[in-house]
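Protein chains in written order, with the numbering used here: chain A, 1025 to 1361; chain B, 173 to 582.
Even for Gly, the Cβ is constructed at its ideal location relative to N, Cα and C.
Read the structure below first, then the notes.
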Amino acid sequence: MPAMTMIEAIRDAHAIAMERDDTVVVFGEDVGYFGGVFRCTHGLQERFGSHRCFDTPISEAGIVGVAVGMAAYGLRPCVEIQFADYVYPAYDQIVSEAARLRHRSAGDFTAPLTIRMPTGGGIFGGQTHSQSPEALFTHVAGLKTVVVSNPYDAKGLLLAAIEDDDPVIFLEPKRVYNGPFDGHHDRPIVPWSQHPLGEVPEGHYTIPLGQARVHRGGDDVTVLTYGTLVHVAQAAAEESGIDAEIIDLRTLVPLDVDTIVASVRRTGRCLVVHEATLTSGFGAELSATVQERAFHHLEAPVTRVCGWDTPYPHAHEWSYFPGPDRVARAMREVMSA
Amino acid sequence: MDNPIGPALQLRIPEPARGHRPADPVPYISAAGEMRKPDLDEKVERIALMRKQLVRVLDDDGRAVGPWSPELDADHLRQGLRDMMTVRSFDARLLRAHRQGKISFYMQCLGEEAIACAQRRALRSDDMHFPTYRQQGLLIAGGYPIVTMMNQVLSNEHDPLKGRQLPVMYSSKEHGFFSISGNLATQYVQAVGWAMASALRGDTKIASAWIGEGASAESDFHAALVFASTYQAPVILNIVNNQWAISTPEDFARGASATFADRGYGFSIPALRVDGNDYLAVYAASQWAAERARANLGPTLLEWVTLRVGAHSTSDDPSVYRPDDEADRFPLGDPIDRLRRHLTVIGAWDDERQAALQTEVDALIADAFAEADSHGSVKSGHTSSPSTMFDDVYATLPRHLVEQRERMEG
């Protein structure tokens, strides 16, 4: 099996989807000729032609709006928003249109489109290139929301998202595009070629939306997380010596409640970790879900480690980012409660 | 006191006619037949010179004059009259149903009937319209079952949208009528996307985008024009200028531009201003724009000058903000009267036939409403099962919605 970066895995998924289904079209800002600012669509225009992969004007509302129209026609657009921080002009098209089209037309029109966007911080992107807006999408009925953490999952989940008949928000933490970043920003970058999840099978495969993955088995505490923080949580577990069970949720909506509840009932403790701001973040949904379904198994309060409720700061990035020390400290608190 | 650096800065806040003085006159009214008809591939710079003119075919005497006359035969014209009268009767019946307390809300298109009816007849049945809430004429002229429309408005057990949408927010893929959102302007850029998809697939179908002049201030309108221009999408971009956005006159969205047709030139999109109360002009201009799209000559913007004669909706009281005599003073008259007059002038119509058609149309609407009303309404509690609200949120029902449905059903 070839080792791939997450960028290569995403590129491969695009190519396979476009090869298998000629209704799949790919577009966005700098996506066509240049192949995307993160290179995720590199080579697609050359291979499939500019009718299948093309550049757009800088207009997120336009990108998603035309994608909704194309999907209503019968295509399967997979569009890129250059940074998740730029998605807000398209929010009305996502929330009021793509998410509700099937319902409001009673199935007469549908919007099977995938909206990809790099998310999260850790690249000194400041407040406009670092946000994690997943909760703005998980709150919307009709959307599915995916956050990937590694090349193997990224390929299988992106293929599943493109093939899905509902609109899917596909979040790609940019800090793990090139390696499994564990939050130690002062250490050398580990490439995906040195990580088992960088092994990506050739050809077509999918990972069903709505299935979590147990990233690390453990007995002490269940850590519910996704994206970059999966790797941070793993580092925290190893460094603290706490035998944490780390669950990579992969899909936030629909949520794999069974995997979550089974783990918490076994460990009796739960820590929720995400990079997005704390208040009304997806962690609140996870905390509520756990206490509703595993309350009598809990030996400690469900605890959240998240980004602070501030804009993402440029110079103070590593004070904002919930790194392995903060996560390990929270693990110890949950264990001693 | 004079400021040595310069005058104090000022804003111009439009002060339109309100109830206390007559409406501002509609500017740039050309005589019928005066405006030339450009070639389909005419340079946009030359078409831009026509932005302060108005495409008109029917003159004050009811004759069809000039190069824009679409040369429709009498059967076509009578069909057009029938379509418009059906729409007007449909609206009148449903407004009455609202007063009777049978429906929760309604929006009529009184005075604007020609635009949707004629464009529907000028385009093909497999083209896709992305309408607003005032294009019921597209469905009626397209032969969509009137009882089904009424079932939707009543939100009854036979409502094809299962009570999920406000009255008048119809949807019919089969009849080329995209689901109405209710949020403004979103459909405009979607229409461009649909047209792009049709062209990407080498299809022959075109899209038609609809928006009110007020909603053209939304950013989605401008995104639509950028994409339509960049990719030369086969789309008709309609702006229905009915002079009012609820209580706000058209100049708030138009700004300092002379006309809404001006919007096209900045995007190199040929744009025409058309008499929206002239069935023949609407037909001809729609046909011209459709031919341009089908010939891969790109998008066309059409500003339809008309008047919203009625209230914005049943929730609105225009007496507070608009002159009483505005419809009487409106220089473009009434679309039904004008087409009827034309038919009479060419010897294809008379008062007797008019009376007979009115009776026939009113009976058709009365019968349709009686049938729809027999299925009940949201007011009488005869709706689809509440548990159907969980259907179609996703293609397949996810677990959390299964659980919530069970909880609701108790």
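- Remark: C-beta atoms of residue 1066 of chain A and residue 1073 of chain A do not approach each other more closely than 9 angstroms.
- Comparing C-alpha distances from residue 187 of chain B to each of B:453, B:548, B:554, B:424 shows the shortest one belongs to B:424.
- In this structure, DSSP gives residue 1255 of chain A a helical state, which the three-state scheme calls helix.
- Taking a 10 Å sphere around the C-beta of residue 555 of chain B, we find 16 or more other C-beta atoms and assign the residue as buried.
- Within the segment 501 to 543 of chain B, no beta strand (DSSP E) run of at least 3 residues lies entirely inside it.
- Assigned with DSSP and collapsed to three states, residue 300 of chain B falls in strand.
- Here residue 1082 of chain A is exposed: its Cβ has fewer than 16 other Cβ atoms, across all protein chains shown, within 10 Å.
- Beta-bridge pairing by DSSP links residue 349 of chain B to B:301, B:344.
- For residue 410 of chain B, none of the residues of chain A pass the 7 angstroms Cβ criterion, the least Cβ distance being about 15 angstroms.
- Here residue 469 of chain B carries a coil assignment [DSSP, helix/strand/coil].
- Excluding its 5 nearest sequence neighbours in each direction, residue 208 of chain B has C-beta neighbours in its own chain below 7 angstroms: 239, listed in chain order.
- Across the segment 1078 to 1097 of chain A, CB contacts with chain B closer than 7 angstroms involve 1081, 1083, 1085, 1086, 1089, 1090, 1091, 1092, 1093, 1094, 1096, 1097, in sequence order along the chain.
- Restricting attention to alpha helix (DSSP H) runs no shorter than 4 residues, the segment 207 to 256 of chain B encloses them at 216 to 220, ordered along the chain.
- DSSP links residue 1118 of chain A through a beta bridge to no other residue.
- According to DSSP, residue pairing for residue 420 of chain B in a beta bridge involves B:417.
- The C-beta distance from residue 512 of chain B to residue 253 of chain B rounds to 6 angstroms, short enough to fall under 8 angstroms.
- At a cut-off of 9 angstroms, the C-beta of residue 406 of chain B has no neighbouring C-beta in chain A.
- In the three-state DSSP reduction, residue 334 of chain B falls in the coil class, being neither helix nor strand.
- The segment 1083 to 1115 of chain A is shown to contain whole beta strand (DSSP E) runs of 3 or more residues at 1100 to 1104, in chain order.
- When secondary structure is reduced to three states using DSSP, residue 285 of chain B falls in the helix class.
- Here the alpha carbons of residue 1113 of chain A and residue 206 of chain B stand approximately 43 angstroms from one another.
- For chain A, the residues of the segment 351 to 371 of chain B that bring a beta carbon within less than 7 angstroms of one of its beta carbons are 351, 353, 355, 358, 361, 362, 363, 364, 365, 366, 368, 369, 370, in chain order.
- The residue among B:570, B:455, B:270, B:313 with its C-alpha nearest the C-alpha of residue 551 of chain B is B:270.
- Taking a beta-carbon distance threshold of 9 angstroms, residue 1130 of chain A counts as an interface residue toward chain B.
- Annotated three-state conformation of residue 1268 of chain A is strand, per DSSP.
- Short of 6 angstroms from the beta carbon of residue 243 of chain B, and not among the five residues preceding or following it, lies no beta carbon of its own chain.
- Within its own chain, the residues whose Cβ lies closer than 6 angstroms to the Cβ of residue 406 of chain B, once the five positions on either side in sequence are excluded, are 367, 371, 378, 465, listed in chain order.
- Boundaries of the beta strand (DSSP E) harbouring residue 383 of chain B: 379 to 384, taken from the DSSP string.
- Per DSSP, residue 306 of chain B lies in no alpha helix (DSSP H) segment and is marked neither H nor E.
- Going by beta carbons, residue 1064 of chain A and residue 1035 of chain A fall inside the 9 angstroms limit.
- For the segment 1116 to 1143 of chain A, the residues whose beta carbon sits under 7 angstroms from a beta carbon of chain B are, in order, 1116, 1117, 1120, 1121, 1125, 1126, 1127, 1128, 1129, 1130, 1131, 1132, 1133.
- With respect to chain A, the C-beta atom of residue 344 of chain B has a partner C-beta closer than 9 angstroms.
- The three-state secondary structure of residue 1148 of chain A, taken from DSSP, is coil.
- Within 7 angstroms of the CB of residue 1278 of chain A, the CB atoms of chain B belong to 570, 571, 572, in sequence order along the chain.
- Shown here, residue 1080 of chain A sits in coil according to DSSP, grouped into three states, outside any helix or strand.
- Spanning the alpha carbons of residue 441 of chain B and residue 413 of chain B requires a straight line of approximately 18 angstroms.
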